[in-house]
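Those protein sequences? They're chains B and R, same order as listed. Using my numbering, read the first sequence as starting at 92 and increasing by one per residue. Using my numbering, read the second sequence as starting at 2 and increasing by one per residue. A virtual CB, placed ideally from N, CA and C, is assigned to each residue, including glycine. For clarity, every value in this text was computed on a predicted model and none was experimentally measured.
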Amino acid sequence: MDILEEGKGELLAWHDPDEQRLWVQKNKSRSLDDKRMDIKDAVSKFVKDGDYLAMGGFGHVRVSMAAIYEMIRQGKKEMTMSGKTAVHDFDVLAAAGCLSKVEVAYCFGHELRGLSPASRRAVQSGRLKVVAEISNAGFQWRYKAAAMGLPFFPARIMGGTDTFRYSSAKMVRDPFSGKPIMLLPACYPDIVFIHVHRCDKYGNCQIDGTLIEDFELARAAKRLVITTEKVVDEKVIRKEPWRTSIPFFLVDAVVEVPSGSHPGNMPTLYYSDEEHMAEWLKLTKTDEGAKQYFDKYVHSVEDFKQYLKLIGGKKKMAYLKKLEHLQVKLTAPWREK
Amino acid sequence: MTMTNKAQPTNYSTIELMACAASRLLEDNKSVFVGTGLPIIAAMLAQKSHAPGLLIVFEAGGIGPKIPTLPISVGDSRTFYKGIMANTMDYVMSTGQMGYIDYGFLGAAQIDMYGNINTTVIGPHDHPTARLPGSGGANDVGSLAWRTIVIMQQDTRKFVPKLDFLTTPGYLTGPSAREAAGLPSNTGPYRVITQLGIMGFDDETKRMKLLSTHPGVTVDQVKTATGFELLMADEITTTEAPCEKELKILKKQVDPAGLILGRK
Numbered sequence: 092m093d094i095l096e097e098g099k100g101e102l103l104a105w106h107d108p109d110e111q112r113l114w115v116q117k118n119k120s121r122s123l124d125d126k127r128m129d130i131k132d133a134v135s136k137f138v139k140d141g142d143y144l145a146m147g148g149f150g151h152v153r154v155s156m157a158a159i160y161e162m163i164r165q166g167k168k169e170m171t172m173s174g175k176t177a178v179h180d181f182d183v184l185a186a187a188g189c190l191s192k193v194e195v196a197y198c199f200g201h202e203l204r205g206l207s208p209a210s211r212r213a214v215q216s217g218r219l220k221v222v223a224e225i226s227n228a229g230f231q232w233r234y235k236a237a238a239m240g241l242p243f244f245p246a247r248i249m250g251g252t253d254t255f256r257y258s259s260a261k262m263v264r265d266p267f268s269g270k271p272i273m274l275l276p277a278c279y280p281d282i283v284f285i286h287v288h289r290c291d292k293y294g295n296c297q298i299d300g301t302l303i304e305d306f307e308l309a310r311a312a313k314r315l316v317i318t319t320e321k322v323v324d325e326k327v328i329r330k331e332p333w334r335t336s337i338p339f340f341l342v343d344a345v346v347e348v349p350s351g352s353h354p355g356n357m358p359t360l361y362y363s364d365e366e367h368m369a370e371w372l373k374l375t376k377t378d379e380g381a382k383q384y385f386d387k388y389v390h391s392v393e394d395f396k397q398y399l400k401l402i403g404g405k406k407k408m409a410y411l412k413k414l415e416h417l418q419v420k421l422t423a424p425w426r427e428k
Numbered sequence: 002m003t004m005t006n007k008a009q010p011t012n013y014s015t016i017e018l019m020a021c022a023a024s025r026l027l028e029d030n031k032s033v034f035v036g037t038g039l040p041i042i043a044a045m046l047a048q049k050s051h052a053p054g055l056l057i058v059f060e061a062g063g064i065g066p067k068i069p070t071l072p073i074s075v076g077d078s079r080t081f082y083k084g085i086m087a088n089t090m091d092y093v094m095s096t097g098q099m100g101y102i103d104y105g106f107l108g109a110a111q112i113d114m115y116g117n118i119n120t121t122v123i124g125p126h127d128h129p130t131a132r133l134p135g136s137g138g139a140n141d142v143g144s145l146a147w148r149t150i151v152i153m154q155q156d157t158r159k160f161v162p163k164l165d166f167l168t169t170p171g172y173l174t175g176p177s178a179r180e181a182a183g184l185p186s187n188t189g190p191y192r193v194i195t196q197l198g199i200m201g202f203d204d205e206t207k208r209m210k211l212l213s214t215h216p217g218v219t220v221d222q223v224k225t226a227t228g229f230e231l232l233m234a235d236e237i238t239t240t241e242a243p244c245e246k247e248l249k250i251l252k253k254q255v256d257p258a259g260l261i262l263g264r265k
């Protein structure tokens, strides 16, 4: 196959498919083991400095925030992040200095809330390097290649653009149609956290609402830690097996964290906490402000339970539940700039 | 004739006018892939007015929702509210690649005369003056939708002869360039809506062409706000102003919290 053009972005988290098969054979158990542990142990056991990290969900929707705070608490560093619609997750990790590199599909923004001061400052000052660009589908299909055990996945996107030129993709001539086609390299993140609605102690997971990229990302992950709103009995899973989107043999740890996506949205359970997001966006306009935030919400608390008390406890979560179900009016303090 | 649109008293804001102009481009019983912000507003308005059968899809996997109120994220729970399916990004992007997405709807920081857009970086990529979010799903939409609509502000810093970074493909370097780059054939930018007017693209040259100016805006104003030579349609019309019904839907149903429409 002729290579017509190659992106100059850094090729990250790619493995030869046979090497990856051997890694799976050696490291992933097919036995039903109780994988429950606390977030402290899950992070110290499975996250290493320098890892390539991807977070499940959608940046500020169904995000494993407890894992993010714990990585900061444990001072994880020099990590590379998969910027797959990375919003609050990425912004927080970048502000905390956990990241040195990022591959970007969507970063540095908070969607309607505007741009992210902390992570933009990190990249504009050179503390954080963008080592590759890609599109959202590009990322999704990098994971899909990995999830299929393939070296790459073909797609008809990114041709002729700088997004391609700064990516790790290659364009070749398709031997069937004779047309140029983009090949997206498989992406096997070292560590992935996915927050789910419920799972059993083995890690069989159900997700309500959109799966976003997680159906593929769970399989692409070398190490996968599940944080869950609730641990349920195995019977719940076996009663409706068609609802399982992540099976236990992909999962390395199960951590129960109710309200664990806060301040992000958890579809059907609670909407995003715009008051808290406004506080974050305001404080992180300066490095001192960011430090203040981390001192208050991360370093001064032991765990996610204590954090939840700080952000307004049961009363706040009850309000966010009502907001999710459209029973109260949304207010967005970040609007008042 | 010089006249600014601000001189004319109206009962609508520029952003409401843009939302209405964008909404009217969306036909009933067609599909649209929407990006964050104003594109969602336009699609919601269309669904609540002339296009109840508009199939709205979101990149995170929401398909066919009856969006109750403006989502903050294109992946949050509003994006599949009373939808027909809540699935995956792979599913939505694949349907786009198959040819099921009629309209793609995007915002942009910079655009050139071929409708190529930049949402990645201002200044050099290695040492950016301003780092922007990147492609997100924009490159995918711009690659795969039959027709792409761009909605953005118009001035000479945004309508530029050369982009700082080509994030999302328009017609690239002109006729046949998209096909040569492996993109699906017969796709590309369709309309560009700004605070000044509506632009389309010339069939032969694939260059941007002024189609209509908004009420109170002159052709000269549009030209002055464009950093490249803008082609002119044979007959340049005036954009129809928003009607009371549309304004009411926007304020009462689409964005009651004023998240976007409340911006000055």
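Hey, would you say R/Tyr146 sits closer than 8 angstroms to R/Phe59, going by beta carbons? At residue 146 of chain R the sequence reads Ala, which differs from the Tyr that was named. Against a cut-off of 8 angstroms, the Cβ pair of R/Phe59 and R/Ala146 comes out as no contact.
Give me the chain B residues within the contact set of R/Glu60, using Cβ-Cβ distance strictly less than 7 angstroms, ordered along the chain. Within 7 angstroms Cβ-Cβ: Asn227.
In angstroms with no decimal places, state the Cα-to-Cα distance between R/Glu241 and R/Gly189. 25 angstroms
I'd like to confirm the pairing. Which residues does DSSP put opposite R/Glu28 in its beta bridges? Answer by DSSP bridge pairing: none, since R/Glu28 is not bridged.
Thinking C-alpha only, which one of B/Arg314, B/Ser363, B/Ala381 is nearest B/Asp142? B/Arg314
For R/Met200, which beta-bridge partners are listed by DSSP? R/Val193, R/Leu211
What is the DSSP secondary structure of R/Ala8, reduced to helix, strand or coil? Only weak support exists for where R/Ala8 lies, its pLDDT of 47 falling under 50; the coordinates are left without a value.
Leaving out five residues on either side along the sequence, give the residues of the same chain with a beta carbon under 7 angstroms from the beta carbon of B/Phe149. Thr176, Ile303
Taking the C-alpha atoms as reference points, what is the distance between B/Arg256 and B/Tyr388? 40 angstroms
Selected residue, minimal CA-CA separation from B/Ala187, among B/Gly200, B/Thr171, B/Ala196, B/Ala209: B/Ala209
Is DSSP giving B/Cys290 helix, strand or coil here? If DSSP states are grouped into helix, strand and coil, B/Cys290 belongs with the strands.
Distance cutoff 8 angstroms, beta carbons only. Does R/Asn187 sit that close to anything in chain B? no
What residue ranges within the region 396 to 421 of chain B form continuous beta strand (DSSP E) runs of no fewer than 3 residues, ordered along the chain? Listed in chain order, nothing qualifies, since the region 396 to 421 of chain B has no complete beta strand (DSSP E) run of 3 or more residues.
Would you mind sorting R/Ile152 into buried or exposed? The rule is 16 or more other CB atoms within 10 Å of its CB. buried
Is the beta carbon of B/Asp180 less than 8 angstroms from the beta carbon of B/Met146? yes
Between R/Gln155 and chain B, is any beta-carbon pair separated by less than 8 angstroms? no
Could you tell me whether the Cβ of R/Met2 comes closer than 8 angstroms to any Cβ of chain B? Below a pLDDT of 50, predicted positions are generally treated as unreliable, and R/Met2, at 36, falls in that range; the measurement from the model is reported next regardless. No, R/Met2 does not count as interfacial toward chain B.
Is the separation between the beta-carbon of R/Thr149 and that of R/Leu107 shorter than 8 angstroms? yes
8 angstroms Cβ cutoff met for B/Asp291 and B/Glu320: no
Please give me, in chain order, every unbroken run of the alpha helix (DSSP H) with length at least 4 that falls completely inside the region 91 to 151 of chain R. Along the region 91 to 151 of chain R, the alpha helix (DSSP H) occurs as fully enclosed runs of 4 or more residues at 139 to 145, listed in sequence order.
Range of the contiguous beta strand (DSSP E) that encloses B/Thr335: 335 to 337
Considering Cα atoms alone, identify which of B/Ala196, B/Ala238, B/Asp109, B/Asp305 is closest to B/Ala277. B/Ala238
From the beta carbon of R/Gly138, is the nearest beta carbon of chain B less than 8 angstroms away? yes
Distance, B/Leu401 Cα to R/Ser24 Cα: In this model, R/Ser24 and B/Leu401 are separated by some 43 angstroms (Cα to Cα).
Leaving out five residues on either side along the sequence, give the residues of the same chain with a beta carbon under 7 angstroms from the beta carbon of R/Met2. Bear in mind that a pLDDT of 36 at R/Met2, under 50, signals an unreliable position, so the number given afterwards is only what the model happens to contain. Taken in chain order, the residues that qualify are Thr219.
With respect to the beta strand (DSSP E) encompassing B/Val346, which residues constitute its N-terminal and C-terminal limits? 344 to 347
Tell me which residues share the same chain as B/Ile272 and place their Cβ nearer than 8 angstroms to its Cβ, disregarding the 5 neighbours each side in the sequence. Pro245, Ala246, Arg247, Met262, Val263, Arg264, Asp265
Closer than 9 angstroms between beta carbons: that is the criterion. Which residues of the region 180 to 198 of chain B meet it against chain R? Val195, Ala196, Tyr197, Cys198
Which residues of chain R have a Cβ atom closer than 8 angstroms to the Cβ of B/Ser363, listed in chain order? Ile73, Ser74, Asp77
If you draw a straight line from the alpha carbon of B/His436 to that of R/Glu205, how long is it in whole angstroms? Any question about residue 436 of chain B goes unanswered here, given that chain B covers just 92 to 428.
On a Cα-Cα basis, can you pick out the residue from R/Lys252, R/Leu260, R/Pro257, R/Asp256 that is closest to R/Asn12? Minimum Cα-Cα distance from R/Asn12 among the listed residues R/Lys252, R/Leu260, R/Pro257, R/Asp256 corresponds to R/Lys252.
Less than 8 angstroms separating the beta-carbons of R/Asp77 and R/His51? no
Cβ contact check for the region 65 to 85 of chain R and the region 107 to 123 of chain R: 3 or more pairs under 8 angstroms: no
Limits of the alpha helix (DSSP H) - the one that R/Ala226 falls within: Premise fails: R/Ala226 is in no alpha helix (DSSP H) and is neither H nor E.
For R/Phe106, would you say it is in contact with chain B, using Cβ-to-Cβ distances shorter than 8 angstroms as the test? no
Chain R contact for B/Phe149 (CB, 8 angstroms cutoff): Output row for B/Phe149: interface = yes.
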